[in-house]
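Working notes, structure below.
Residue numbers (this note's numbering): -15 to 482.
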């Protein structure tokens, strides 16, 4: 590997990366980095965004070459990546994420006096982040997990994804320059890639088991995520794993939406969302619940026409394309499943999109990563609720609705709240806005911990924990909880916001 003054970067052609060196450096950096002020940490995050932006051309070229994704998509990812970093820079500067609460002493309270109590959130410690295959920038080296962990005050060790090693290393070097510009310790950020002869799985397992790490962020398959969860739980000191895993993101079309709307336009939009980016989105609409009857039949026919005209796009890796082909073949072979339509293959690594219709949900609710959709019909609101209650946890649920559907929608909402992290109306789940109100998470197995989000400013809370200071002398109090409030934070004083 290459050791620089301000980072540990192991490139694709380097010697086997050392988890020991990266985790040791992260542990050594933690005390200094967690002590940075909101202004210092905010400036650092903005600098990371600036450095990535300065390498835009090289990053776009590398990511397009490695992923096969179109230039416009990758250019958008650059903007999303820098936008996330700048959003967290603003969050850190404002300081609300510290959650400061002050309960002043009440020495005269009866029957017992109250001590002086002060609370703030502190960073957990060094964090491991696993780069995702389907977002070489926005969910990878300096993506949302890295940005939120750095914002919380946690050094980050990134395991780069083998599908885009050059892109990952370019981003890592941009982050490294920002670390150097702010004279931060070497281990604030490290980047590791498995080299020839080394298994990426072995590298990941070793990383998660390192006792100096305090949390893990992961986006990928259910099998990969659960393996990391098991490794983290098996440690002598277990740590949280925030793994985003599998989701089929049900879409419910209510009768009024078909009766009042343009069925052909709705079906075309469905296929557009299903096939976007070769279907390689964690929010891809893999299941569509459609009412029985003539309008539902018309939708299925229109969706079939749209799929038949579609051509497969190159998938991220040959392994992903092969897994998609196996998954779609297994769907077609199931009893009670008929093929609505199949598009054309775009080449060896660009298998055809498809839509099938299933009589029941049995055996058709496993995620097929790619442009494959399952349609299930329902007879009434009661059968629809039964369908939805039988589903596993999901990232999203979408409802297509007209005013005539208000009572059915009111019945559905409590069911969906128990199943998903984000509920959409009259839209499509592909496309996740980065903002303060976004939730990109959901009950298991959509994520390993449904109490959090991997997108949006709330993501910072995954890498923090609360500490209470009771009757601590004023001269020893951390800046965030001092009476004079030197950081100018919004704080809750005796239950009321200052």
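Glycine included, each C-beta is placed from N, C-alpha and C at the ideal position.
Since the model is a prediction, treat every value here as computed from it, not as a measurement.
Exercise for review: Evaluate contact between the region 221 to 240 and the region 131 to 142, counting only Cβ atoms and requiring at least three cross-stretch pairs below 8 Å.
Suggested key: no
Check your understanding: Taking the beta strand (DSSP E) that residue 358 falls in, what are its first and last residues?
Key -> 356 to 362
Exercise for review: Measure the alpha-carbon distance for residue 87 versus residue 94 and round it to whole angstroms.
Suggested key: 16 Å
Check your understanding: What is the C-beta distance between residue 105 and residue 78, in whole angstroms, given that I count them as a contact (C-beta under 8 Å)?
Key -> Contact doesn't hold; Cβ gap of about 14 Å is too wide.
Review point. How many whole angstroms separate the CB atoms of residue 229 and residue 431, which I take to be in contact at a CB cut-off of 8 Å?
Key: 6 Å
Review point. Under the three-state reduction of DSSP, which class applies to residue 299: helix, strand or coil?
Key: coil
Check your understanding: Are three or more beta carbon pairs between the region 329 to 349 and the region 287 to 295 nearer than 8 Å?
Key -> yes
Check your understanding: With respect to the beta strand (DSSP E) encompassing residue 70, which residues constitute its N-terminal and C-terminal limits?
Key -> Unbroken run through residue 70 is the alpha helix (DSSP H), 55 to 78; no beta strand (DSSP E).
Exercise for review: Inspect the beta-carbon positions of residue 412 and residue 253 and report whether they are closer than 8 Å.
Suggested key: yes
**Study point:** Residues bridged to residue 480 [DSSP beta-bridge criterion]
**Key:** 477
Point to revise | Residue span of the alpha helix (DSSP H) that contains residue 152, given as start and end | key: 149 to 165
**Study point:** Member of 135, 257, 323 and 259 whose CA lies at the smallest distance from the CA of residue 284
**Key:** 323
Review point. Just curious, the alpha helix (DSSP H) that residue 85 is in, first and last residue?
Key: First-last for residue 85: 85 to 87, but that is the beta strand (DSSP E), not the alpha helix (DSSP H).
Review point. Should the region 145 to 153 be called in touch with the region 118 to 126, which here means at least 3 C-beta pairs below 8 Å?
Key: yes
Review point. So who's on the other strand from residue 106, going by DSSP bridges?
Key: 449
Exercise for review: Would you mind reading off the limits of the beta strand (DSSP E) that contains residue 384?
Suggested key: 378 to 384
Check your understanding: From the DSSP output, which residues share a beta bridge with residue 341?
Key -> 322 and 359
**Study point:** Beta carbon of residue 29 nearer than 8 Å to that of residue 65
**Key:** no
Check your understanding: Are the beta-carbon atoms of residue 199 and residue 69 separated by less than 8 Å?
Key -> no
Check your understanding: Excluding sequence positions up to five away, which residues of its chain have a Cβ less than 6 Å from the Cβ of residue 463?
Key -> 470 and 471
Review point. With residue 508 and residue 330 assumed to form a contact (beta carbons below 8 Å), what rounded beta-carbon distance in angstroms separates them?
Key: For the chain, the structure presents residues -15 to 482; residue 508 sits outside this window and is missing.
Review point. Do you know whose CA, among 304, 209, 345 and 354, lies nearest residue 320's CA?
Key: 345
**Study point:** Segment limits, alpha helix (DSSP H) that includes residue 498
**Key:** Here the chain covers residues -15 to 482 and nothing more, so residue 498 does not appear.
**Study point:** Residue range of the unbroken alpha helix (DSSP H) whose run includes residue 7
**Key:** 3 to 18
Review point. Between the Cα of residue 402 and the Cα atoms of 84, 144 and 435, which residue gives the shortest distance?
Key: 435
Point to revise | Beta-carbon proximity of residue 273 to residue 247, cut-off 8 Å | key: no
**Study point:** Cβ-Cβ separation, residue 13 to residue 486 (assumed contact under 8 Å), whole Å
**Key:** The structure shown has nothing for residue 486, since the chain only spans -15 to 482.
Check your understanding: If you count every other CB in all the chains shown that lies within 10 Å of the CB of residue 410, and 16 or more means buried, which is it?
Key -> exposed
Point to revise | Check whether residue 429 and residue 206 have beta carbons under 8 Å apart | key: yes
Check your understanding: Per DSSP, residue 24 forms a beta bridge with which residues?
Key -> In DSSP, residue 24 forms no bridge with anything.
Check your understanding: How big is the Cα-Cα spacing for residue -10 and residue 32?
Key -> Unreliable positioning characterises residue -10 in this predicted model, as indicated by a pLDDT of 43, which lies under 50. The coordinate reading is nonetheless provided below. Whole-angstrom Cα-Cα distance: 13 Å.
Point to revise | Proximity winner among 102, 312 and 466, relative to residue 452 (alpha-carbon distances) | key: 102
Point to revise | Residue of 397, 210 and 357 minimising C-alpha distance to residue 325 | key: 357
Exercise for review: Find out if the Cβ-Cβ distance for the pair residue 73, residue 26 is shorter than 8 Å.
Suggested key: yes
**Study point:** Segment limits, beta strand (DSSP E) that includes residue 223
**Key:** Run containing residue 223: none; DSSP gives neither H nor E here.
Review point. CA-CA distance, residue 335 and residue 370?
Key: 33 Å
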